Structures are given as C-alpha cells and as structure tokens.
Amino acid sequence: MLPGHHPPRPRLTLNIGITGHRALLLPLGVVAALGPIVSRLFGELRDAAGSVHRDESAIFSDDPPDLRLHTPLATGADQLAATYAKSQGFHIRALLPFAPDEYSKDFVEGHERDEFLHQLAAADESFALPGLRSNQDEAYVMVGKAVIAAADILVAIWDGGEGNGPGGTAHIVDLALRGGVPVIHILVDRAADDVGHIRLLTGGDAVEPVAVPLSDAGVLQALVRDTLAPHTQIEREQLADYFIELEKRSNWRIEYPLLLALLRVKSLPFFTWRQSSIDEDNERDRLGIRDSYPLSGRLRLEQAYGWANFLAIRYAQLFRSGHVTNYALSALAVIIALSGLLAPAAKVYLVVAELGAIGLLFLNTRAGKKGDWHRRWLQYRHLAESLRPLIYLKQAGLAAAPFRSDFIKGPGHREAGADWTRWYAAAIWREMASPAGIMTQARISELAADVVREQIAPQAAYHQVNAARMRKLDHRLHEIGNFLMGTVIAACLLFLVGYVLLHESMKVMTNYFIFITAGLPAVGASVFGMRGHGEHLLAASRSAKTVNALGANAERLSKLSAIDAVSAELDNTAEIMLADLNEWTVSYRERSLEIPA
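Just so you know, our numbering puts 186 at position 186 of the sequence shown, and the rest follows in order with no gaps.
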C-alpha cells in the first residue's frame, strides 16, 4: 500500500438478470417486435448507468461502468436478451442449471442446439450449477435463484400469467419481488401476436404486483439511480470523509492498551504506538483464500476490507483511550482539589493544576468529537464485518448480499434509515466477479471446508478470546472498585475509633482522612464509570453466544453436500456474525465520548 493512498472507491457495476418465455411460447410476430424493444431497453440501461457514474463521480472509481447480464441462455427471452445486451456493451455471463453437455440436451438437435452452443461460446463467461436431471424442476428453480442472487434488476419477458409451476417465469418473478429485486416487465401479448407496454414491478407478487408504467427513459434512469446510488446527503458526506482517510500507522493514544496491560488483561505490544499496515493485515487475514478465489474476484474486496479493518482498529483505540483518559482526568481533578487540604501553601499551584486537568479533559473530549472517533469506529467496524463474509457468499453462486440497499428494513418491512456502510458493502458486492466454471461436488465440499477453516474458526477463536478478556477486564475493574471502597470504609472506621480514643491526635489527622475518604470514592467512581461505559460483561455474553452459534454452524456445514443447502448455511453464517455486530453497534451507539458528570 503506497503512502498517501485512500480507501478504494467502488467501480459502478450494474447486474441485470433475465427471465422469460421460451421460444416455443413466443409467436414469430412477438419475436420480431421484441428485438428493437429489448435492444433499446439495454441501451437505456447502459445510458442510465453512465449518467449515474458521471453525476456520482465523487463516490465511484474512474473506471467506466461495468455492465453485466446474467442469463440461463434458454431459447427465446434468455438468448434474445444476451444478443442485444452484448450489442449494447454488456458482459454476458451464462448461468446454466446443469453442466454444458447435459444442458445442451434441453435443446432440439439441429439449429436450436447449434444456436445454444453458439450463444454459450459467445458468452464472456459461464457458470454451471450442479443440477440433476432426475430432479430437473429443482435445477431450473436453482438457476432462477442464481439469476436473482446476481441481479440488481431483473428483466422479465412474459405474458403476466401464473406460469407453469416451479422454475417458470412467474415463479422467478415472484421470488425476485419477495427478495427485493425490482423487475422490468416487458408484457407479451401472445394472443395478439404483439408486445404490450413495459412496466416496473417493485413489490407484491407475480399475480398481483405493485406496478408503475415504465413509459420513458427518465423513469428508467430513476430506477438505476435508486438502485446504485446513496439515498441521503449525510451518506455522501460520510462517504467523502471515508474516502480521504489515510493509512496513519502511528497512534500515540495508548491509554487503553496501557490499562489492559496494567490490569494484566492483555500484554502490551512492544511497539504499542505502531499499527500494522493494511498489506500486513491482509497478508495475515486473507492468505488462505488466495489459492481458491481469482484475483479479479477478490482484489477490490480485499482492499476494501483491509482499509475498513485498519481504520476501525485505529479509531477504536482513539475512542477507548479517550474514554479512559476522561475518567482518569476527572478523578485526578478531584484528587488535586483535595490535595489543598494537605498542602495549603501550594493552594494556588494546585488550583492551576486542577484547571489544567479540567482543561485537558475538555480538550480530549473536543478532539474526540471533532475527530468523530465514536462514529468512525462504529461505522468502520460495521463496514469491515459486513465485508468479511462476502467472498464466500459470492462463491456459492446462489446467495445474495446480506443487504441489497442502504436502507434498513424496519417494522412491517418498511424501509427506515440509510447507512453508507451498507451502500458501500453492496457496491463492493456488485463489483466482485461472480463464480465461473462448473460447480462440482468437490468444489462444493471445498467451499464448505474453506468457510469453516478461514471464516468460522478464526471468528469463533476471536470471540472466545474476547469473551474471556472482557470478563477478566470487568472482574479486575470490579476488584479495584471493591478495594477502594473497602479502603474508604476502613479509613472511616479507623477515624471513628481514633476520634473516641485519641481525640486530639485525630483532629490533626482530619484533613488526611478527608483526602482519603473523598478522594478514593472519586477514583472508584471513575473506575465504575469505565466499567459501566464499556459494558464488558454484556460484550462477553454476546461473544460467548456467537461462539456457540458459530460452532453449531460449522458442524452443520461439515455435513452438507448440496450447493443450495451450503448456500443457505452460508447465509446463516453471515447472519450470525452480523447479528453480533448489530447488537454491538446498538449497544455502543449512544455511548459517545463525553465529560464525566
């Protein structure tokens, strides 16, 4: 990583899926009418993506938009879309329900099969799912799910009818709408041998969709913009902050690591102020996947994860150290003030020192707020952990991103709140190369094993260590608090006994007892504040729960052999890790750096 580099901006990528009637259900007049319409649609999609890229140049890379069509290449709608999308500059990815030799048997020998083989050869890449001819309906459903998983927008060339069962166009449209994928419906009127209107389906189901007319290019541009661009100004502002971050490896705010070392919770690194580089972290954390995933598919993800993880570590130390310092300074201010009882001649200097401690407290708090340590820590950690599982979800070929939008689903499935980290992770997901080749049984087993070894085991180990460490930290702070309160109680009892037995002597010692009985509770309050603010036991409980969930998840994965089952379990892996992350984020969201009251 060269000095001065910034976090990567994602390449604007638009993934289109296609479903529709096969050739035998499309009269010749419909086919003739469809050609110009489909060609114009893909041209308008290309232009809309270009417009978003120009307007949003601050958040996307300078690379030209990457336009992709994912198609099963069946006769009719699939092949028609592939032909015209390619002419409009789209990258064609063939998605097959079976290995190519087996899938070719779906096509009538002669012209139809030759055309399929020609289309397959013309595709830029292909990916064959491990469907079984003995259960071909399930294979067609699976390839439809793969198209939906890969697509930002689904194009359906279809008469709007209920369809012919599992794997049919209506079924795939229904799955897309339920999954939050908008559908551009080109209505086919087979009875009139013509093509009807084009509409946008955004909800409901295939039989009773929520639909709006797609009457002009402006509506299509709005759809592409809504799909690919952030939705709020605050997202753009925070993205702008993120994109100018630097790889600053020196971090002299070491109060939190020092606290852990003093409490014998975690040893202090030799170069405590020096953070490992992004490249070093990537080399350590991502080494295992490099042999199993091509560079084109992982490079941007690797860069994006490396930056988010590096910055999350940096701002976590800044915020936690600032938090420790604030409580320490508040206790110090009280101790200095009480010291005037013991050294009245130095009262002026002690007042100056007390004002200095209070001033440092305000400056520390101001630095944290101005540097946005709290927000950046939470968001960058959320981003890193959101990116972590994407490489395995993508390799399965059937899993969609854990988030398709920067909006978060609220109660009643309403969209609530936008978060740039979700947008950024979704943009990286779109840009990642989809799997290619043939999904064999050996490849499925290897994927499941890779996830357990490279994803689940390290995360479970981290949470196991974190649970023990957080319990230990909470226990040590609790011990210190008890010791301080015990000391205060002992001092009070000693004073009372001495006051009765050695009255005159104790009067001389009064100021010392005031110093102890007022000063130590102030220190204890600071310790209690650190303990309460950190919620260490709650963090330990979450980590322990995550360890158990990941263990069960790994056991299930090790027993699975079907790609759809493995893919579903990978979704579960991501949900387990994101559930812990979301609980942590909610827990810390309102715990910004403040002056202790």
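The beta-carbon is built from N, C-alpha and C at its ideal position, and this holds for glycine as well. Remember, predicted model here, so these are calculated numbers, not experimental data.
Exercise for the section: Would you mind stating whether Leu259 and Val324 have Cβ atoms separated by less than 9 angstroms? Expected result: Yes, Cβ-Cβ distance for Leu259 and Val324 is below 9 angstroms.
Problem - Inter-stretch contact at 8 angstroms, needing at least 3 Cβ pairs: the region 242-254 / the region 63-71 - result: Result no; under three Cβ-Cβ pairs closer than 8 angstroms.
Handout entry: CB contact flag (Arg249, Arg274, <9 angstroms)
Key = Yes, the Cβ-Cβ distance between Arg249 and Arg274 is below 9 angstroms.
Practice task
Please list, in chain order, all residues of the same chain as Ile92 whose beta carbon is under 6 angstroms from its beta carbon, the five residues on each side excluded.
Solution key: If we look at Ile92 and ignore the five residues flanking it on each side, its Cβ neighbours are Leu69, Ala82, Lys86, Ala123, Asp124.
Handout entry: Close beta carbons around Ala77, own chain, < 6 angstroms, minus the five adjacent residues each side
Key = For Ala77, where only same-chain residues beyond five positions count, the Cβ hits under 6 angstroms are Gly20, His21, Ile157.
Exercise for the section: Give a yes or no on contact between the region 28-41 and the region 93-102, applying the rule of three or more CB pairs nearer than 8 angstroms. Expected result: These segments do not touch.
Exercise for the section: Measure how close the beta-carbons of Val265 and Leu473 come, nearest whole angstrom, since I'm counting them as under 8 angstroms. Expected result: Contact holds; Cβ gap of about 5 angstroms.
Practice task
Pair every Cβ in the region 421-429 with every Cβ in the region 389-406, then say whether three or more of these pairs are closer than 8 angstroms.
Solution key: Contact between the region 421-429 and the region 389-406 is present, because at least three Cβ pairs lie under 8 angstroms.
Problem - In chain order, each beta strand (DSSP E) run of at least 3 residues that lies wholly inside the region 114-144 - result: For the region 114-144, whole beta strand (DSSP E) runs of length 3 or above, ordered along the chain, are 125-128.
Handout entry: Pair within 9 angstroms by beta-carbon distance, Asp63 and Leu14
Key = 9 angstroms or more divides the Cβ of Asp63 from the Cβ of Leu14.
Exercise for the section: Report yes if the CB atom of Ala599 is closer than 9 angstroms to the CB atom of Val207, and no otherwise. Expected result: This structure gives no information on residue 599, because the portion of the chain shown stretches from 1 to 597.
Exercise for the section: Give the straight-line distance between the Cα atoms of Ser61 and Pro10, rounded to the nearest whole angstrom. Expected result: Separation of Ser61 and Pro10 (C-alpha to C-alpha, rounded to the nearest whole angstrom) is 6 angstroms.
Problem - With 16 other Cβ atoms within 10 Å as the buried cut-off, status of Gln441 - result: Residue environment: Gln441 is assigned as exposed (fewer than 16 neighbouring CB atoms within 10 Å of its CB, all protein chains considered).
Problem - Cβ pair His571, Leu393 closer than 9 angstroms - result: Correcting the residue type first, residue 571 is Asp in the shown sequence and not His. Yes, these two residues count as a Cβ contact at 9 angstroms.
Exercise for the section: Determine the DSSP secondary structure at Val210, reduced to helix, strand or coil. Expected result: Strand.
Handout entry: Min CB distance Ala343 to chain B below 9 angstroms
Key = Among the chains in the structure shown there is no chain B, since it carries only a single protein chain.
Problem - DSSP three-state assignment for Ile184, whether helix, strand or coil - result: Residue state, collapsed to three classes: strand.
Handout entry: Per DSSP, the bridge partner or partners of Asp189
Key = Its beta-bridge partners are Asp194.
Problem - Rounded Cβ spacing between Leu34 and Val195 (contact assumed at less than 8 angstroms) - result: Contact holds; Cβ gap of about 6 angstroms.
Practice task
Under 8 angstroms Cβ to Cβ from Gly163, same chain only, skipping five residues before and after it: list those, please.
Solution key: Within the same chain, Gly163 has close Cβ partners Thr169, Ala170, His171, Ala206.
Exercise for the section: For Leu228, I'd like the list of residues in its chain whose CB is within less than 6 angstroms of its CB, leaving aside the five on either flank, ordered along the chain. Expected result: Counting only Cβ-Cβ distances below 6 angstroms, and skipping sequence neighbours, we find Val52.
Problem - Contact under 9 angstroms by Cβ, Val527 with Gly481 - result: For Val527 and Gly481, yes; Cβs fall inside 9 angstroms.
Handout entry: Segment limits, alpha helix (DSSP H) that includes Ala384
Key = DSSP places Ala384 inside the alpha helix (DSSP H), whose first and last residues are 373-387.
Exercise for the section: Give the range of the alpha helix (DSSP H) segment to which Asp450 is assigned. Expected result: Counting along the chain, the unbroken alpha helix (DSSP H) around Asp450 starts and ends at 441-451.
Practice task
Give the DSSP-derived three-state secondary structure of Leu96 in the structure shown.
Solution key: Leu96: strand per DSSP, three-state reduction.
Exercise for the section: Leaving aside the five residues before and after Ala574 along the sequence, list all residues of the same chain whose C-beta is less than 7 angstroms from its C-beta, in chain order. Expected result: Pro389, Leu393, Pro402, listed in sequence order.
Problem - Per DSSP, cross-strand counterpart(s) of Val155 - result: Val155 pairs with Ile18, Ile184.
Handout entry: Cβ contact check for the region 541-556 and the region 459-468: 3 or more pairs under 8 angstroms
Key = In this structure the region 541-556 lies against the region 459-468, because at least three pairs of beta carbons, one per stretch, are closer than 8 angstroms.
Exercise for the section: Using only alpha-carbon positions, find the residue among Ile198, Ala128, Ile16 that is nearest to Pro435. Expected result: Out of Ile198, Ala128, Ile16, Ala128 has the C-alpha closest to the C-alpha of Pro435.
Practice task
If I'm right that Ala316 touches Leu383 with Cβ under 8 angstroms, what's the distance once you round it to whole angstroms?
Solution key: Not quite, the Cβ-Cβ distance comes to about 13 angstroms (not below 8 angstroms), so this is no contact.
Handout entry: Distance between Ile456 and Glu302 (C-alpha atoms, nearest Å)
Key = Cα atoms of Glu302 and Ile456: separation of roughly 18 angstroms, rounded to the nearest angstrom.
Problem - Rounded distance between the beta-carbons of Leu332 and Ile514, thought under 8 angstroms - result: 17 angstroms between Cβ atoms; not a contact.
Problem - Ile358 in three-state terms, based on DSSP - result: DSSP places Ile358 in helix when its eight states are reduced to three.
Exercise for the section: State the DSSP-derived secondary structure class of Arg40, mapped to helix, strand or coil. Expected result: Of the three classes helix, strand and coil, the one that applies to Arg40 here is helix, per DSSP.
Handout entry: Beta-carbon proximity list for Tyr380, same chain, < 7 angstroms, skipping 5 on both sides
Key = Taking C-beta separations shorter than 7 angstroms and ignoring five residues to either side along the sequence, the partners of Tyr380 in its chain run Ala308, Leu311, Ala312, Tyr315, following chain order.
Exercise for the section: Answer yes if the region 555-568 comes into contact with the region 447-454, meaning at least three C-beta pairs across the two stretches below 8 angstroms, and no otherwise. Expected result: Under the 8 angstroms Cβ criterion, the region 447-454 counts as touching the region 555-568, having at least three qualifying pairs.
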